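What follows is one structure encoded as C-alpha cells, with my remarks underneath.
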Amino acid sequence: MKQIICAVLFGLLCSNSAAIQADQSDVLRNDNGEIETKGVVQSGRLVNGIGVRIERYKFAVSLRYFNQYVCGASIITPSHALTSAFCATKYLHVNIYGSSASTISGGIEIPVVQIVVHPSYVGLTFGVPNFDVAVVIVPTNAFQGTNMAPIALQSTELPVESRCYLVGWGETNVISFASLTQLRYASMNIVSQSTCTRSWYGVPITSERICARYCFGVDACRSDIGSPLVCNGKLTGFVSITSNNCDGVRPAIFTKVAAPSIRSFIRNQTGI
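And the structure:
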C-alpha cells in the first residue's frame with residue numbers, strides 16, 4: 001500500500017510540476033501555438049526540456065571550440081563566468097558565446113583572456129570529477145552587453161525536494177546525437193546525498209556536489225556539462241556528470257557552488 005500511495009503522490013507531483021513547467025511566459029511555441037517539448041540529451045544535454053528565450057536567462061552563455069558549442073557556462077560578474085573544469089581542460093582556446101538563446105546566431109562572441117581551474121581538480125575519480133569548477137575570465141566588463149547579466153551565487157543549504165531549474169544547450173536524441181542549438185529549460189528537484197549515492201551505486205557524492213532530478217524523463221546530458229542549476233533565483237550548481245542514458249533514472253550530479261572549497265575558490269578568483 002505504501003508503494004502504491006507513493007507512486008500516486010509522485011505521479012501527482014509530476015503532473016503538477018509539468019503544468020508549472022509549461023506555464024512559462026518565455027517558452028517557445030510552434031506555428032500552431034503549441035509549446036515545444038523536444039528533449040535534450042547526454043553529453044551535457046537537456047532531455048525533455050522546453051525551448052526558452054534568453055531574456056529571462058541572461059546569465060546563460062556557452063563555450064565554443066572552433067565555432068562549435070561544447071559546454072554551458074554562467075555569467076557571475078561582468079568579467080567572469082563559471083563552468084566545469086572538465087570543459088576547461090578538455091577544450092583549449094575556447095571563446096564564449098552569449099546574448100542569444102541560439103548557439104549559432106544572434107549572439108556575441110567574446111574572447112577568453114584566461115581560464116583558472118580549481119587547484120584540487122584531479123579529473124575523474126570513480127567516474128566523477130572532484131572540485132569540478134573553473135572560472136573563465138574575459139575582457140573587463142565584456143558581459144555588460146545586451147541580454148547578458150550576472151546571476152547571484154547560492155549561499156545557503158537547500159532542503160531536499162527544493163524546486164530548481166536547469167537551462168542548457170545540447171542534443172535532442174541520445175541515440176542519434178542530433179545537434180541542438182536552442183536554449184532549453186527543465187524543472188528539477190534537489191535529492192539527498194544518500195539517495196544520490198545509492199542511485200550511483202556507491203560513487204562518492206561529496207560535500208562539493210549536489211544532486212537533482214525530475215520525472216517524465218527530464219535529465220541533463222553530456223553536452224549540458226557546465227550548464228547552470230538555479231534555485232530561488234541563484235546559481236546553485238552546474239552540471240558535472242550525468243548518466244549515459246540521460247533518462248532521469250539517476251539524478252544528475254552538479255558541482256555545488258555553496259560548498260566552502262568551491263565558494264572560496266570563486267571568491268579568490270573573482271572578488272565576489
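Position 182, counted from 1, in the sequence shown is what full-length UniProt numbering calls 182; the numbers after and before it change by one each time, with no gaps. Built from N, CA and C at the ideal position, the CB exists for glycine as well. Nothing here was measured: the structure is a model prediction, and the numbers come from that model.
Can you tell me the Cα-Cα spacing of residue i and residue j, whole angstroms?
i: Arg184; j: Asn232; result: 18 angstroms
i: Glu36; j: Glu109; result: In this prediction, Glu36 has a pLDDT of 32, which is less than 50 and means its spatial position is unreliable; what the coordinates show is noted afterwards. Roughly 27 angstroms separates the two Cα atoms.
i: Gly168; j: Phe59; result: 11 angstroms
i: Gln144; j: Thr77; result: 9 angstroms
i: Ser264; j: Val249; result: 33 angstroms
i: Ala88; j: Ser187; result: 26 angstroms
i: Asn189; j: Leu158; result: 10 angstroms
i: Val61; j: Tyr201; result: 33 angstroms
i: Ile96; j: Phe254; result: 21 angstroms
i: Val203; j: Cys196; result: 9 angstroms
i: Leu166; j: Met148; result: 17 angstroms
i: Gly51; j: Arg198; result: 32 angstroms
i: Val230; j: Ser84; result: 16 angstroms
i: Gln68; j: Ile75; result: 19 angstroms
i: Val70; j: Leu235; result: 20 angstroms
i: Ser192; j: Gly237; result: 15 angstroms
Given that a residue counts as buried once 16 or more other Cβ atoms are within 10 Å of its Cβ, and exposed if not, what is residue i?
i: Val122; result: exposed
i: Phe66; result: exposed
i: Ile272; result: exposed
i: Ala19; result: Low per-residue confidence applies at Ala19: pLDDT is 36, beneath 50, and the placement is therefore not dependable enough to give any value.
i: Thr146; result: exposed
i: Tyr214; result: buried
i: Ser105; result: exposed
i: Tyr57; result: buried
i: Asn141; result: exposed
i: Leu92; result: exposed
i: Gln114; result: exposed
i: Thr156; result: exposed
i: Ser194; result: exposed
i: Gln269; result: buried
i: Pro129; result: buried
i: Gly39; result: Confidence at Gly39 is low in this model, with a pLDDT of 30, below 50, so its placement is unreliable and the value that follows should be read with caution. With 16 or more other Cβ atoms within 10 Å, it is buried.
Pull the bridge partners of residue i from the DSSP assignment, please.
i: Phe238; result: Pro228 and Thr255
i: Thr83; result: Ala134
i: Thr77; result: His80
i: Ile210; result: Phe254
i: Gln182; result: Ser102
i: Tyr201; result: According to DSSP, which records beta bridges pairwise, Tyr201 is partnered with nothing at all.
Between residue i and residue j, how many whole angstroms is the CB-CB distance? I'm expecting something under 8 angstroms.
i: Ala101; j: Arg53; result: 5 angstroms
i: Gly72; j: Pro228; result: 7 angstroms
i: Lys239; j: Ile225; result: It is Val, not Lys, that sits at residue 239 in the sequence shown. Indeed, because the Cβ distance is near 5 angstroms, the residues count as touching under 8 angstroms.
i: Val138; j: Val160; result: Wrong, their Cβ atoms sit about 36 angstroms apart, outside the cutoff.
i: Ala81; j: Val133; result: Not really, about 11 angstroms apart at Cβ, beyond 8 angstroms.
i: Thr103; j: Thr181; result: 5 angstroms
Sufficient close CB pairs (3 or more, under 8 angstroms) joining the segment 114 to 122 to the segment 140 to 159: Judged by pairs of C-beta atoms under 8 angstroms, the segment 114 to 122 does not touch the segment 140 to 159, as fewer than three such pairs exist.
Check whether the segment 194 to 210 and the segment 254 to 268 touch, using three or more Cβ-Cβ pairs below 8 angstroms as the test. They touch, by the three-pair rule.
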